Amino acid sequence: MSGTLESVVALQVALTELRNAESQLADVPDWMRELHEEHSERKAEIDALEEETDAATLDQRGAESEAEDARAKLKHYQEQISAVRTQREYAALLQEIDTTKEQIRDAESKAMEALERQEEASNQLEEARQGFTDLDQRYAEAMKKWEAEKPSVEQEANKLRGTIETIRDQLPRQVLTMFDRIHERHDGDALAVVREVERPKGPAIWCCSACNYRVRPQSVVALRRMSEHHTRGPELILCDSCRRILHLEEVTV
Ligand SMILES: [Zn+2]
């Protein structure tokens, strides 16, 4: 049976691995992160260009129909000219006709401007789509590969959950409470390895690898004893400064 400190280290390792697996499952694995970001970026560009093209098309249609309405209005005014009786009525009608002609010109130039925008955006869109084909295909292939890998990552995550549960069941309650508190406070990493620092003069000293604070020699002695005897007691040694749980062996996850 392993000692308390060894179990705590194993718990931390399993929790870190589970966190990695879960973050991959919620998103994409590390090996396709870069591709995913590039793909999302380019996809967003295309979406924005599509929106711009659509908006310009709508603007153009709106302006066209404004112009059409104004032309109908103009025709109506022009037909009224023969029915005008007084000079005042005539002047008023001419005024309306001028205003309407101006409206037509405005609407036509708005339509032209929208058409130009629409053309520019749709050219850019076409270009962006062409450049995207290859990337999109590579992305689809990567996604397929990831979908095939996913079940094994899920399986691994489940296995880790089981491991975590087993370790938690075996650990003394007070150790678990302490571990959870430190684990939460230090953003998912409750442990710090003790690092030996050689000095040109005098004996080596020991430091906490997380915060560099000196570790007392008697703590190092106690840690060595704990790991040699696989001590099952509730005692753990914390860094005097950052209060992480100290251990001696470097673990790589
Ligand atoms: Zn520390």
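Residue numbers for the sequence shown follow the working numbering, so the first one is 2 and each next one is one higher.
We put the beta carbon where it would ideally sit given N, CA and C, even for glycine.
Predicted model only: the values in this text are computed from it and were never measured.
- prompt: Which whole-angstrom value is the C-beta distance of Leu249 and Arg225, which I expect to be below 8 Å?
  reply: Contact between Leu249 and Arg225 holds: their C-beta atoms lie close to 7 Å from each other, under 8 Å.
field: Leu6 (DSSP reduced to helix, strand or coil)
entry: Helix, per DSSP.
query: Under the three-state reduction of DSSP, which class applies to Leu12: helix, strand or coil?
result: Correct three-state label for Leu12: helix.
- request: Can you give me the Cβ contacts of Glu53 inside the same chain, cut-off strictly under 7 Å, excluding the 5 residues immediately before and after it?
  value: Excluding sequence neighbours, Glu53 sits near Ala122.
message: I'd like to confirm something about Arg245: is its beta-carbon nearer than 7 Å to some heavy atom of ligand 1, or not?
response: Checking the Cβ of Arg245 against ligand 1 gives yes.
- prompt: If you measure from the CB of Tyr140, is any heavy atom of ligand 1 nearer than 7 Å?
  reply: Answer for Tyr140: no, Cβ out of range of ligand 1.
message: Per the DSSP calculation, Ala193 is bridged to which residue(s)?
response: Paired residues: Leu247.
message: Is Ser242 a contact residue of ligand 1, with contact defined as CB to any heavy atom under 7 Å?
response: Checking every heavy atom of ligand 1 against the Cβ of Ser242, one is found closer than 7 Å.
- request: Check whether the Cβ atoms of Ala15 and Ala158 lie closer than 8 Å to each other.
  value: Taking 8 Å as the Cβ cut-off, Ala15 and Ala158 do not qualify as a contacting pair.
query: Run through DSSP, which three-state label would Ile238 get?
result: Note: Ile238 maps to coil in three-state DSSP.
- prompt: Quick one: does the C-beta of Ala191 sit closer than 7 Å to a heavy atom of ligand 1?
  reply: For Ala191, the CB stays at least 7 Å from every heavy atom of ligand 1.
query: Looking only at its own chain, which residues have a Cβ that is under 8 Å from the Cβ of Ala129, when we skip the five neighbours before and after it?
result: Excluding five sequence positions before and after Ala129, the CB atoms of its chain that fall closer than 8 Å to its own CB belong to Arg43, Glu46, Ile47, Leu50, given in chain order.
- prompt: Got a sec: does ligand 1 put a non-hydrogen atom nearer than 7 Å to the Cβ of Ala122?
  reply: No; taking the cut-off as 7 Å, the Cβ of Ala122 has no heavy atom of ligand 1 nearer than that.
query: With respect to 7 Å, is the separation between the Cβ of Ala27 and the closest non-hydrogen atom of ligand 1 below this value?
result: False, no ligand heavy atom lies under 7 Å from that Cβ.
task: Could you check how far apart the C-beta atoms of Gln26 and Gln61 are, in whole angstroms? I think they sit under 8 Å.
output: Residue identity check: residue 26 is Leu in the sequence provided, not Gln. Cβ atoms of Leu26 and Gln61 stay farther apart than 8 Å, at about 46 Å.
task: Kindly indicate which three-state DSSP category Arg174 falls into: helix, strand or coil?
output: Here Arg174 carries a helix assignment [DSSP, helix/strand/coil].
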